[in-house]
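Chains as they are written, first to last, in my numbering: chain C, -8 to 642; chain P, 15 to 443.
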């Protein structure tokens, strides 16, 4: 591999990740190996040691990333930094004497059970590809990535192209592949977006991926609603004060086809004052309680989990914050752990006035819910009494069920729920409640978020698991939005009964991850970096010392001089160029065939002028083997005859 | 589980074979990039590795089409040796002609050897637990020969190149060569189009042989009633000794007429009945569980004896048990020792019969034997009884037990050899 090719791949990684400070020295260190005469003759055992060190480095890196970021972010970052974890091995190979790398260096199993024949490979091409894949983990979503990728892919491919194909044929094939790949990558991305839109939100990653514009419910799906025990939030309230029961993430005002949408709910910026990490949602509000929420997001720009009546969000580092009229608060920041303090007015929701969408019922449900509202006499009651009646209605004749046995017999699953099955999970209850209140003329919204139900045994905080994701209703009563949760209280117990046996162990791991992330955030990473440095640096020093002690350094050449200028006398003879060209045409010199024999074969079979070639072969022999070599005139003649032969005979 | 495992392992092995034959080195790197990018880019919103996946997939797709269109047309001729020896490399010549109208390069020649994947019955019978490692070991045991992929030089239109193929005989047995495949890379150099040429041939791999020290075989000369049949000539072939005067009763056809004419009185030719040594080379084929390696070593030792013993001067009976008991005789105009090697190349372990079968077969031929070399796989009651019975007949013996657990018993005629240390063991004979 051409050294500049590898340097280009590393530079590409540096460009995509913005880590020029890392990419530049790495590229220089690797490319310098091709120019420097310094070499170490490393024994296999020494290479094994370096490879093992890389493995340890990768494991430490993976562990740190998992603790700090959790999956899948940790996996992505591990891919991004993987080439650097392998850098010691790459350097050992670059400054070693062997061109190929024994597979046993990479695979422990092969060291224990060596193959019958040692298998080696050129590691530079896989390493080259590794840098490109690492660059993709940076997720810089512009067209330049594909352009750079195509350029970096074309470089090695054009060099290994079989000689009998013309460059034009290669170019056409490569261009078709590039165009096809370009279309395919768009198709893949669009396909995923479409697929995600079809899958219920809770199945595709729970509330940690809240979409403030749309909530695809599980209403109408047959089978069990299974959610994990993964802890997604930690809530710390003041001493002796319980946390709010519900943490709101997003509300929606339009129900259609088993999905809720936030229509006419444009986001507006939230200002921060007096400090950049202090965000004011309700300037006129007077907070009565505070909670600290530790959150984790696998995606950029997460939606915050906030109690109803939040006035300010404090100690939150984010680029921007925005909020929609339905109460969803979204911030702009990278994935990973983050914490914030919510100051709120307990017992009151303060977001926005009702709109026409808050009373609309789709045609499929309108008649059934209007009849039900009429049957319950809701239209004659005050809003407060109507809400109380609705609560009582769902508490008396309905039960919680995470399993749907059969498909809805009515056209609308939610109508089927209120009229026939009377069993479902919180999405059924919340949707039915919202539609019933709307039928009674009370503005209502469908709200999603988490219920805070479980206190942690490991710390003075409450934990919120993925299975605590919940939905309820916000109803506009007496000029304010109040929260109406009609799901039977047994839902949490039923969900908890399905916990896995490993939940306790996973909780401890999750807690350790959280503590490490908190330590990292509090110390800006310096503490952990120092700790890692203290652990890794002596180990790296020890490895370097062991390698130096091997004393098998090869450095017989004066600095600045190439290792060998001419491999053998006559190595630059023009006959080799002729051989190469004839080889491309199928008349190449065979292994073990002398130039004389080759000439004789060409004379017999090949349609070329062998008279001129005979003179070149004669001069070549003398140039190559005669101890006195060629005179200046003869050398010039060989050069001229060779060039003329190539130009005239086989162009 | 067994059937599923067999199906899955077969599928993986087939896929591995397809990948190795179809993809170039560069193609494998692109394929690796495809898999890694698929793993990383499974969520297209988290990373843009799916763009690498898309480009790699498109490159491979275009390469596949290109390879299919650019396979070319060739004629191939192979000159394979009849026999080779296990553990040794061998060479042979292959001529490849380009029948197309344009020069071809980026070519490689692949030998299509018989499929080494075991059938379900063998898979079930030979493995205790269906692991992939055990499957790989089973396949390795079934591969008799390996032939390296042969890179071809560029071939001009209508030209023929003759190249040397290099292979290695891994173990004794017969290797079937199904045909030859010419592989040509596509314009991108990632995928290879294959042009297959059926050319069935068999290669016999003789057992590995060890250097034997100068061994004096035990035994004495003995009249061989089958001397007529065993002699080099046809008919009344007692060995000619000398001429002597005629005695009454001598058959007229023994009169040497030329001497009669010179001497003036009848002179007859005198013959002597044949007396020569006849050794039994007894091979224990009753290799139970865990004795496969010892059995192979025993076969190699038998082959070493078969080709070292001078069969011009004695007879050698190779005796072993398979589906029945076999006895092949070499020497004195009978089968050449090379044929014994070919027989040993195909000897299989006997798992269905008791050792007693071989015991009885050898004792049945005791009258003709003058000595014996017994190659055993254990030193248990059945085998000690067998040796005791032979020694009770006064038959001189050389007993070699190939086992990893040698007994403490010591005798000048008894030798224990560990598998893997055979050459050292034989040096002490």
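Where a beta carbon is used, it is the ideal one built from N, C-alpha and C, also for glycine.
Query raised in the report: Is the number of C-beta pairs between the segment 178 to 198 of chain P and the segment 58 to 69 of chain P that are closer than 8 Å three or more?
Result: As far as the Cβ criterion goes, the segment 178 to 198 of chain P does not touch the segment 58 to 69 of chain P, which means the pair count is below three.
Query raised in the report: Quick one, are the C-beta atoms of residue 260(C) and residue 312(C) less than 9 Å apart?
Result: Yes, these two residues count as a Cβ contact at 9 Å.
Query raised in the report: In whole angstroms, what is the alpha-carbon distance linking residue 124(P) and residue 35(P)?
Result: Distance between residue 124(P) and residue 35(P), taken at the CA atoms: about 8 Å.
Report task. Using beta-carbon positions only, say whether residue 76(C) and residue 114(C) come within less than 9 Å of one another. Result -> No, these two residues do not count as a Cβ contact at 9 Å.
Report task. Could you spell out where the beta strand (DSSP E) holding residue 287(C) opens and where it closes? Result -> DSSP places residue 287(C) inside the beta strand (DSSP E), whose first and last residues are 280 to 288.
Query raised in the report: So what's residue 100(C) in DSSP terms, helix, strand or just coil?
Result: Assigned with DSSP and collapsed to three states, residue 100(C) falls in helix.
**Report entry** Assigned secondary structure, residue 216(P) (DSSP; H/G/I helix, E/B strand, else coil)
**Finding:** DSSP places residue 216(P) in strand when its eight states are reduced to three.
Query raised in the report: From 360(P), 112(P), 314(P), 320(P), pick the residue whose C-alpha is nearest to that of residue 350(P); which is it?
Result: Among 360(P), 112(P), 314(P), 320(P), the Cα nearest to that of residue 350(P) is on 320(P).
Query raised in the report: Does residue 370(C) come within less than 9 Å of chain P when only Cβ atoms are used?
Result: Residue 370(C) does not count as touching chain P.
Query - Any C-beta of chain P under 9 Å from that of residue 63(C) - result: Judged by the 9 Å Cβ criterion, residue 63(C) is in contact with chain P.
Query raised in the report: In chain C, which residues lie less than 7 Å from residue 60(P) when you measure between Cβ atoms?
Result: Within chain C, the C-beta atoms nearer than 7 Å to that of residue 60(P) come from 63, 67, 130, in chain order.
**Report entry** Presumed contact (8 Å Cβ cut-off) between residue 1(C) and residue 18(C), rounded CB distance
**Finding:** The pair is a contact, with the Cβ atoms about 4 Å apart (cut-off 8 Å).
Query - beta strand (DSSP E) segments (min. 3 residues) lying fully within the segment 398 to 437 of chain C - result: Runs of the beta strand (DSSP E) lying entirely within the segment 398 to 437 of chain C, each at least 3 residues long, are absent.
Query raised in the report: How many Å lie between residue 125(C) and residue 135(P) at the Cα?
Result: Going by the C-alpha atoms only, they are around 47 Å apart.
Query raised in the report: Is DSSP giving residue 180(C) helix, strand or coil here?
Result: Looking at residue 180(C) - three-state DSSP - the assignment turns out to be helix.
Query raised in the report: Relative to the alpha-carbon of residue 206(C), which residue among 502(C), 476(C), 344(C), 418(C) has its alpha-carbon at the smallest distance?
Result: Of 502(C), 476(C), 344(C), 418(C), the residue nearest in Cα terms is 418(C).
Requested in this report: Please compile the residues from chain C whose C-beta is within a distance smaller than 7 Å of the C-beta of residue 203(P).
Outcome: Those within 7 Å of residue 203(P) in chain C are 148, 151, 152, 153.
Query raised in the report: When the cut-off is 9 Å and only beta carbons count, does residue 194(C) lie next to chain P?
Result: At residue 194(C) the pLDDT is 43, less than 50, meaning the model places this residue with poor confidence; the figure from the coordinates comes in the next sentence. Closer than 9 Å: no.
Requested in this report: Starting from residue 111(C), follow its DSSP beta bridges and name the residues at the other end.
Outcome: Per DSSP, the beta bridge partners of residue 111(C) are 93(C).
Query raised in the report: Name the chain C residues that come within less than 8 Å of residue 63(P), Cβ to Cβ?
Result: In chain order: 70, 124, 127, 128.
Query raised in the report: To the nearest whole angstrom, what separates the beta carbons of residue 328(P) and residue 292(P), a pair I think is in contact under 8 Å?
Result: Indeed they touch by this definition, with Cβ atoms about 7 Å apart.
**Report entry** Neighbour-count burial assignment, residue 146(P), 16 or more Cβ in a 10 Å radius
**Finding:** It counts as exposed.
Query raised in the report: Considering only C-alpha positions, which residue in the set 32(P), 130(P), 103(P), 154(P) is nearest to residue 222(P)?
Result: Looking at the Cα atoms, 103(P) is the closest of the given residues.
Query raised in the report: Counting contacts by CB-CB distance shorter than 9 Å, is residue -7(C) in contact with chain P?
Result: So, not an interface residue.
Query raised in the report: alpha helix (DSSP H) containing residue 398(P): first to last residue?
Result: 395 to 406 is the extent of the alpha helix (DSSP H) around residue 398(P).
Report task. Taking only beta carbons into account, state which residues of the segment 570 to 589 of chain C come closer than 9 Å to chain P, listed in chain order. Result -> Of all residues in the segment 570 to 589 of chain C, only 573, 574, 575, 576, 577, 578, 579, 580, 581, 582 come within less than 9 Å of chain P when Cβ atoms are compared, listed by chain position.
Query raised in the report: Is residue 183(P) helix, strand or coil by DSSP?
Result: DSSP places residue 183(P) within a strand segment (E or B) once states are collapsed to three.
Requested in this report: Look up residue 159(P) in the DSSP assignment and say whether it is helix, strand or coil.
Outcome: If DSSP states are grouped into helix, strand and coil, residue 159(P) belongs with the strands.
Query raised in the report: Under 9 Å between C-beta atoms, does residue 244(P) make it to chain C?
Result: Low confidence applies to residue 244(P): its pLDDT is 46, below 50, so where it sits in the model is not reliable enough to give any reading.
Report task. For my contact list, residue 53(C) and residue 287(C) are in at a C-beta cut-off of 8 Å; report their separation, rounded to the angstrom. Result -> Their Cβ separation, rounded to whole angstroms, is 18 Å, which puts residue 53(C) and residue 287(C) out of contact at 8 Å.
Query raised in the report: Within 9 Å (strictly less), CB to CB, does residue 87(P) reach chain C?
Result: Not one chain C Cβ lies under 9 Å of residue 87(P).
Report task. Give me the Cα-Cα distance between residue 367(P) and residue 361(P), rounded to the nearest whole angstrom. Result -> Taking the straight line joining both Cα atoms gives about 15 Å.
Query raised in the report: With C-beta atoms as the reference, is residue 433(C) less than 9 Å away from residue 353(C)?
Result: The answer is no: Cβ separation not under 9 Å.
Query raised in the report: Looking at the structure shown, is residue 321(P) part of a helix, part of a strand, or coil, going by DSSP?
Result: Residue 321(P): helix per DSSP, three-state reduction.
Report task. For the beta strand (DSSP E) holding residue 111(P), just list the boundary residues, first then last. Result -> In the DSSP annotation of this structure, the continuous segment of the beta strand (DSSP E) that includes residue 111(P) starts and ends at 103 to 112.
Requested in this report: Report all residues from its chain with a CB closer than 8 Å to the CB of residue 630(C); omit the five preceding and five following residues, and keep chain order.
Outcome: Excluding its 5 nearest sequence neighbours in each direction, residue 630(C) has C-beta neighbours in its own chain below 8 Å: 565, listed in chain order.
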